[in-house]
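Structure first, commentary second.
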Amino acid sequence: MEQNKGKASRIQVETMDKTFPLEVTAEFVLPDYYSEISRLLWVRPTFLPPERFMGGGKAEFSGRVIYEVLYTGPDGALYGTSPEEGYAFSIPLEGFADMEGAQVFAAPVIDAVISRVTGPRKLSVRCRLHARGYGYAEKETEPRFTGIDEQAQLCRLGDTVCAGRVIGEGREEAELSDCIKTAENVRLICARGSVFLPEAVAASDEVRCRGELLLTLLLCREGEEDAVPFTLTQRIPFEKAIPLEGVCPHHHVCATGTVGKIDATVQEGEIAVCAQLALCAMAQCEEETVICRDVFLPGADAECRFTRQAVWQDGGCCNRNFSISAQSPLGDLGFGEDCEILDCVAEAEIAEKCQDGARFSLSGKLQCHLLCHRAGELCAQDAALPFRLFLESGGEKMDVDCRVASCRATISAGKLRADAELQLALRDERHTAVEMLREASFTPRESTPRAAIELYYPAPGERLWDVAKRYGIPPQVLGDANALDADAPAADDSLGGKKFLIIP
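Below you can see the structure in the form of structure tokens.
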């Protein structure tokens, strides 16, 4: 088919898809007015989305991490604190930093957290992480020609392919506040939050999100001996637009939310809460791009070089949410039924993605961190519970950001059961290989006399383009001489079943 001049002649190619190991360390000294640390129960880091800067042949990422520290003091009571630290890492760009439209994305994922008490109010934390870095850049599909002055004489075989395009990443900060009713004489141990985003919709230059902030307050009654901590939860709805230049209503989008700093003040009969949210959105689409399959110049010989280019295609991008129930026998987890579960914090790990019959499945584990009361003491217990989700479609290259919006754990009939809400941001892509002309060099051909009108008997499988190229005749001229439509000269039926052709 002839090239359509109105369509783009550039594609966005994937330049990188690698996983990089990382490590972040921190040292904390609690103020003197905090209780000393007798027993450290857990340290849970939350990494806020990083800012990125590209330069010097690498991409620099930096952001803030908030550590939720839970411990018991010398009096046996439960205490919490949430210190903040910075983090930074870099990814080498391996030569594509200067390519037009270069973009690179990455976010840290926690693999393990190792914490140690080094003094009465001192502790050290080491986080082992990994970051999947993936990048894209623009590539010109127009071939390079040499030995020719006027390209208007060229006969080109153009084709249209569907190619995916990442629009980019948008970010927006939000602040939500509320007052939560509670009993009097309570002490706030710690506050945490998660974001539930069931809806992310593309609009003009923005992604509109609707969701909820899920707040959990861990409290304890003051003045009661051996008071057992308890939790109080609150959902705060919100709607927010995340600016993202270039996004259009028909584009595919997904969004994620992370809760940063939470300020909570206990007043008489209520707790005033103010939470910082970091919202991120990704958008991608598919567009038609013109490539050149072949070319020839009447009266010239051509030396053509072809390339096989991997083209990525948009496989979809959306937000999904699931309610799951996962359970396991207590004996398999290493603790008995004498535990009273006071609080549960969980992360979801996706271990396997595969086609499961007509559906696509995601398998993983719900990593539960349990605050328990056992034999008059507070303790922390970890449990990994398997789960499986089913999607309508998916692929091996699907990128899955899976977060636990809420989780409730109970013990019954010798089993630990966790009921959780999962928030997924899904971004899928597929790849196909396309052969295209990369460059062509032309040299004048010596003319050879031939009859004014010549008949040619095409071989099986030959197309109008093949015959036109053989004789150096524009496909339109050859088509007009034989009453053939030359709009698609490379089509299998372009010769219309003719037994012979008139070569003008």
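Residue numbers (our numbering): 5 to 508. Here a beta-carbon is modelled for each residue, glycine too, at the ideal position from N, C-alpha and C. The model shown is predicted, which means the values in this text are computed figures rather than measured ones.
Aspartate 115: member of the beta strand (DSSP E) spanning 112-123, first to last residue.
The continuous stretches of alpha helix (DSSP H) do not include proline 453, and DSSP gives it neither H nor E. Around the CB of cysteine 159, 16 or more other CB atoms lie within 10 Å, so the residue is classed as buried. Taking the CA atoms as reference points, leucine 459 sits about 25 Å from aspartate 298. In this structure serine 66 is exposed. Its beta-carbon is surrounded by fewer than 16 other beta-carbon atoms within 10 angstroms. DSSP, read as helix, strand or coil, puts lysine 22 in strand. Taking all protein chains in view, the Cβ of threonine 452 is surrounded by fewer than 16 other Cβ atoms within 10 Å, so the residue is classified as exposed.
Of the other Cβ atoms in all chains shown, fewer than 16 fall within 10 Å of the Cβ of alanine 116; this residue is therefore exposed. For the stretch 57-89, the continuous beta strand (DSSP E) assignments of 3+ residues that do not extend past its boundaries occur at 62-76 and 82-85, in sequence order. Per the Cβ contact rule, the stretch 332-345 is in contact with the stretch 364-381 (3 or more Cβ pairs under 8 Å). In this structure, the straight-line span from the alpha carbon of phenylalanine 234 to that of glutamate 381 is close to 14 Å. Glycine 137 places its beta carbon less than 9 Å from that of alanine 63.
Restricting attention to Gly418, Ala30, Lys126 and Leu97, the CA atom closest to the CA of aspartate 36 is found in Lys126. Of the other Cβ atoms in all chains shown, 16 or more fall within 10 Å of the Cβ of glutamate 433; this residue is therefore buried. Secondary structure note for valine 263: its beta strand (DSSP E) is the uninterrupted segment 256-271.
Membership of glutamine 280 in the beta strand (DSSP E) is indicated by the continuous run 274-300. Check the Cα spacing between valine 257 and each of Pro247, Gly264, Lys265 and Val263: the tightest is with Pro247. If you draw a straight line from the Cα of glycine 172 to the Cα of valine 211, it comes to about 12 Å.
Following the DSSP letters along the chain, one finds glycine 483 inside the alpha helix (DSSP H) bounded by residues 479-485. The Cβ atoms of isoleucine 114 and proline 49 sit closer than 9 Å to each other. Exclusion of the five residues before and after valine 438 leaves Val165, Ile295, Gln313 and Val315 as the residues of its chain whose Cβ lies within less than 7 Å of its Cβ. By the criterion of at least three beta-carbon pairs nearer than 8 Å, the stretch 276-287 is in contact with the stretch 169-183. Spanning the alpha carbons of glutamate 144 and threonine 122 requires a straight line of approximately 57 Å.
A straight line joining the alpha-carbon of proline 241 with that of glutamate 98 spans about 43 Å. The alpha helix (DSSP H) runs of length 4 or more contained entirely in the stretch 374-426 do not exist; there are none.
In the DSSP assignment, aspartate 336 falls within the alpha helix (DSSP H) that extends over 334-337. Taking proline 333 as the centre and dropping the five residues before and after it, the same chain places the C-beta of Gly418 and Lys419 closer than 7 Å to its C-beta, in chain order. One Cα belongs to alanine 276, the other to alanine 207, and the distance between them is close to 34 Å.
For tyrosine 140, the number of other beta carbons within 10 angstroms of its own is at least 16, and it is reported as buried.
With three or more CB-CB distances shorter than 8 Å, the stretch 181-199 counts as touching the stretch 263-276.
For alanine 424, the CB contacts under 7 Å within the same chain, skipping 5 residues up- and downstream, are Ile328, Ala350, Leu370, Val408, Ser410 and Cys411 in chain order. Of all C-beta pairs linking the stretch 350-370 to the stretch 28-44, fewer than three are shorter than 8 Å, placing the two stretches out of contact.
Annotation for glutamine 16: Gly105, Tyr140, Ala141, Glu142, Lys143, Ala167, Gly168, Arg169, Val170 and Trp316 place their beta carbon closer than 8 Å to its own, counting only its chain and skipping 5 residues before and after. Its chain contains Leu488 as the residues whose beta carbon lies nearer than 6 Å to that of glycine 500, once the 5 sequence neighbours on both sides are disregarded; these appear in chain order. Sequence-distant Cβ neighbours of phenylalanine 100 in its own chain, meaning closer than 6 Å and more than five residues away, are Thr19, Ala106 and Ala141. Between the alpha carbons of glycine 483 and glycine 476 lies a distance of about 13 Å.
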